[in-house]
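Asks: Here the sequence shown is numbered in this note's numbering, starting from 88 and rising by one per residue.
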Amino acid sequence: MSLGRRETLRLGGLAAMALTAPWNAARAQGQATLPDKPIRLIVPNAAGGVADLTARTVGQGLSERLKQPVVIENRPGAGGIVAGQALISSPADGSTLMVATNAHAISASLFRSLPFDPIRDFAPVGLMGTFAIAILVAPNSPIRTAQDLIAQLKKDPTSTNIGTISVGSTQNLAAELFKTTAGVEAVTVPFNGTPALLTALLRGDVTAAFEIVAPITGQIRDGSLRAVAVTSASRAANLPDVPALREAGLADFDVSSWNAVVAPARTPAPVIALINREMNAVLADPAIRGKLLEAGVEAKADDSAALGRLLTSEAEKWRAVIERAGIEKQ
């Protein structure tokens, strides 16, 4: 027997109500919900780097907990501007997130103009991990400690130089901050990438180099490179025998690279809290922590407010370093 139009519409409405009942109930109770679709996690770097590996590791765990696919979308280019534009033009409903790195906090002081405000236009979700920067010398160098390097810079600054990757990178700015904090002078020489930097170091073109630990851990362990210190507040978990700069007398020195997650600014607070809670649960998993450490990343979970404070303090710290070093805006 066929149903009349009115009865068909009534049944259709009841079916729709049944489908949306859980969502409406959650909304009425103040519980956060995410759209029923894959979550995009935009990475402002190419595939294979530390940020990408961190995003894929945490993203997989987040997908399992949320029962929704987390799709990694690499959007490298223009110092994070391409990725940032992609995020802020996306719905503010938790369905699109972005990995934020040190470069995000540095960008306001490094670029003459940006299509967004790195603080105001992004909602902090949570930290994922940190990774140290090492101060390196060649294995045959007479410099064996950070104190040796500082002494050499004070004795003969004109023939002692420091290599880093590109101007404005965290490694480059860490070197500038090191010179100021240690009260030394040296020419900072930027190179186009880690391979060129390490070649110059081993060839003797630069006296020391600042580079993140993650891609060079193996070379430090096998003696191909000598790490005299790390720039983080404490020793790196994957290089426990390498002292921190604080142990060399630079008591307040603390520079670590970090990877975090942000969302569009208008994302509802309950949604942010939901994603942060699930991310922190992922980061508490020993298997996840071990996998990240293999990539040179120490898992670090925090709440969104703490990440907001980190973004603000990092932006201010690097603004002062950039101005003091006389680095021109790009």
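Ideal placement from N, C-alpha and C gives every residue a C-beta, glycine not left out.
With three or more beta-carbon pairs closer than 8 Å as the criterion, would you say the segment 331-343 touches the segment 216-231?
Replies: yes
Asks: Considering just the uninterrupted stretch of the beta strand (DSSP E) at THR183, what are its terminal residues?
Replies: Numbered from its first residue, the sequence shown carries residue 183 at position 96. From DSSP, the beta strand (DSSP E) with THR183 extends over 183-188.
Asks: Could you tell me the distance, in whole angstroms, from the CA atom of GLU320 to the CA atom of LYS241?
Replies: The residue you call residue 320 lines up with position 233 of the sequence shown. The residue you call residue 241 lines up with position 154 of the sequence shown. Reading off the sequence shown, one finds Ala at residue 320, where the question assumed Glu. Here the alpha carbon of ALA320 sits roughly 24 Å from the alpha carbon of LYS241.
Asks: Is ARG162 helix, strand or coil by DSSP?
Replies: Working through the sequence shown from its first residue, we reach residue 162 at position 75. It is coil, neither helix nor strand.
Asks: Rounded to whole angstroms, what is the Cα-Cα separation between LEU121 and ASN367?
Replies: Residue mapping note: residue 121 aligns to position 34 of the sequence shown, counting from 1. Residue mapping note: residue 367 aligns to position 280 of the sequence shown, counting from 1. Their backbone Cα atoms lie some 17 Å apart in a straight line.
Asks: Determine which residues share a DSSP beta bridge with GLY368 and list them.
Replies: Here the question's residue 368 lines up with position 281 in the sequence shown. Position check: residue 368 holds Ala in this sequence, whereas Gly was assumed. For ALA368, which the question treats as bridged, DSSP gives no partner whatsoever.
Asks: For ALA262, I'd like the list of residues in its chain whose CB is within less than 8 Å of its CB, leaving aside the five on either flank, ordered along the chain.
Replies: Mapped onto the sequence shown, residue 262 falls at position 175. Counting only Cβ-Cβ distances below 8 Å, and skipping sequence neighbours, we find ILE249, THR251, THR275 and PHE297.
Asks: Please go through the same chain and pick out, in chain order, the residues whose beta-carbon is closer than 6 Å to the beta-carbon of LEU158, but skip the five residues on each side of it.
Replies: In the sequence shown, the residue the question calls residue 158 occupies position 71. Sequence check: residue 158 is Val here, not Leu. Here the set comprises PRO125 and ARG127.
Asks: Start and end of the beta strand (DSSP E) containing ALA347?
Replies: Taking the first residue of the sequence shown as position 1, residue 347 is located at position 260. Segment 343-351, the beta strand (DSSP E) holding ALA347.
Asks: What span of residues does the alpha helix (DSSP H) with ALA399 cover, start to end?
Replies: For the purposes of this step, residue 399 is taken as the residue at position 312 of the sequence shown. Here residue 399 is Thr; the residue named in the question, Ala, does not match the sequence. Looking at the DSSP string, the run of the alpha helix (DSSP H) that includes THR399 is 391-412.
Asks: Helix, strand or coil for PHE265, going by three-state DSSP, please let me know.
Replies: Stepping through the sequence shown from its first residue, residue 265 is reached at position 178. In the structure shown, PHE265 sits in a helix (DSSP, three-state: H, G or I).
Asks: Determine the burial state of ARG162: buried for a count of at least 16 other Cβ atoms within 10 Å of its Cβ, exposed for fewer.
Replies: Here the question's residue 162 lines up with position 75 in the sequence shown. By the neighbour-count rule (16 or more Cβ atoms within 10 Å), ARG162 is buried.
Asks: Relative to the C-alpha of ILE375, which residue among ALA133, PRO178, GLN147 and GLY136 is closest?
Replies: Taking the first residue of the sequence shown as 1, we reach residue 375 at position 288. Nearest Cα to ILE375 within the set ALA133, PRO178, GLN147 and GLY136: GLN147.
Asks: Do you know whose CA, among VAL130, THR304, PRO226 and ARG411, lies nearest VAL384's CA?
Replies: As a first step, residue 384 is located in the sequence shown; it is residue number 297 there, counting from the start. For VAL384, the nearest C-alpha among the options comes from THR304.
Asks: For ARG333, count the other beta carbons within 10 Å of its own beta carbon; 16 or more makes it buried, fewer makes it exposed. Which is it?
Replies: Here residue 333 refers to the residue found at position 246 of the sequence shown. Classification of ARG333: buried, given that the 10 Å Cβ count is 16 or more.
Asks: Do the segment 168-186 and the segment 350-370 meet, that is, are 3 or more Cβ pairs less than 8 Å apart?
Replies: yes
Asks: Classify PRO373 as helix, strand or coil using the three-state DSSP reduction.
Replies: Locating residue 373 in the sequence shown gives position 286, counting from the first residue. Reduced to three states, the DSSP call for PRO373 is helix.
Asks: To the nearest angstrom, report how far apart ASN132 and PRO282 are at their CA atoms.
Replies: Counting from one through the sequence shown, the residue named residue 132 turns up at place 45. Counting from one through the sequence shown, the residue named residue 282 turns up at place 195. Straight-line measurement puts the Cα of PRO282 at about 18 Å from the Cα of ASN132.
Asks: Does DSSP put GLU298 in a helix, a strand or coil?
Replies: Counting from 1 along the sequence shown, the entry for residue 298 is found at position 211. Looking at GLU298 - three-state DSSP - the assignment turns out to be strand.
Asks: I'd like to know whether the C-beta of ALA412 is nearer than 8 Å to at least one C-beta of chain C.
Replies: Of the protein chains in the structure, only one exists, and it is not chain C.
Asks: Thinking C-alpha only, which one of ALA134, ASP123 and ALA165 is nearest SER150?
Replies: The count along the sequence shown starts at 1 and reaches residue 150 at position 63. If we check each option's Cα against that of SER150, ASP123 comes out closest.
Asks: Which stretch, first to last residue, makes up the alpha helix (DSSP H) that contains LEU149?
Replies: Taking the sequence shown and counting its residues from 1, one reaches residue 149 at position 62. Annotation for LEU149: the continuous alpha helix (DSSP H) segment containing it runs 137-153.
Asks: Could you tell me the boundaries of the alpha helix (DSSP H) in which GLY291 lies?
Replies: Numbered from 1 along the sequence shown, position 204 holds the residue referred to as residue 291. First-last for GLY291: undefined, no H or E at that position.
Asks: For the alpha helix (DSSP H) containing ALA119, name the first residue and the last one.
Replies: Position 32 of the sequence shown, counting from 1, holds the residue named residue 119. ALA119 -> no alpha helix (DSSP H), and no H or E assigned at all.
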